Amino acid sequence: MQAQLKPSSKHVDFDTIMKYAAVTNDYNPIHVDKEFAARSPMGGIIAHGTMSVALIWQALRNTLGLEALNRVHLEIRFVQPVRIDDDVTGGGELRAASSPPVYDVWVRNAKGQTVIAGTAMVKAEGKAV
1 MQAQLKPSSK HVDFDTIMKY AAVTNDYNPI HVDKEFAARS PMGGIIAHGT MSVALIWQAL
61 RNTLGLEALN RVHLEIRFVQ PVRIDDDVTG GGELRAASSP PVYDVWVRNA KGQTVIAGTA
121 MVKAEGKAV
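Counting from 1, position 51 in the sequence shown corresponds to residue 51 in my numbering; the numbering is continuous, with no gaps.
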């Protein structure tokens, strides 16, 4: 098992958020309506959480390969929102080389702040989650 996941990064701008909304059909105004979002407790538009979680999945794929993804049990929590013009990176490091191996996974912004944190447990081959 690799000690570090190969990271995956993305620059989040309004156009990216709108494209993601179209693909997922998630037009929640907190993601797409600047005026609504400005009046909300978030104080502005935030990116879809699942768009950021995808960076963790990509880091897992970069490291373990596509076929391993159906053996991963991912548990995450959203720590803080991703905002327009944030640069975010998903990655992780091996916590325990036990059986099954467990990675601490995260998405961080350019300031080094964790926006998503969690664990990824990789089941043995032939044992889908």
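Every residue, glycine too, gets a C-beta built ideally from N, C-alpha and C.
Quantities reported herein were computed from a predicted structural model and do not represent experimental measurements.
Where residue i falls, given that 16 or more other Cβ within 10 Å makes a residue buried
| i | result |
| --- | --- |
| residue 97 | exposed |
| residue 80 | exposed |
Between the CA atoms of residue j and residue i - distance to the nearest angstrom
| i | j | result |
| --- | --- | --- |
| residue 133 | residue 63 | This structure leaves residue 133 out entirely; the chain is present only between 1 and 129. |
| residue 83 | residue 42 | 10 angstroms |
| residue 50 | residue 116 | 10 angstroms |
| residue 106 | residue 87 | 14 angstroms |
| residue 15 | residue 111 | 22 angstroms |
| residue 68 | residue 21 | 28 angstroms |
| residue 39 | residue 66 | 41 angstroms |
| residue 24 | residue 124 | 31 angstroms |
Endpoints, the beta strand (DSSP E) within which residue i is located
| i | result |
| --- | --- |
| residue 94 | 87 to 96 |
| residue 104 | 102 to 109 |
| residue 117 | 114 to 122 |
| residue 10 | 8 to 11 |
| residue 76 | 72 to 78 |
Own chain residues within Cβ distance below 8 angstroms of residue i, not counting five before or after
| i | result |
| --- | --- |
| residue 93 | 3, 4, 5, 103 and 104 |
| residue 1 | 94, 97, 101 and 122 |
Segment limits, alpha helix (DSSP H) that includes residue i
| i | result |
| --- | --- |
| residue 62 | 49 to 64 |
| residue 38 | 34 to 39 |
Beta-carbon proximity list for residue i, same chain, < 7 angstroms, skipping 5 on both sides
| i | result |
| --- | --- |
| residue 26 | 48 |
| residue 75 | 118 and 119 |
Does the segment 53 to 63 come close enough to the segment 5 to 16 that 3 or more CB-CB pairs lie under 8 angstroms?
-> With contact defined as three or more Cβ pairs closer than 8 angstroms, the segment 5 to 16 and the segment 53 to 63 are in contact.
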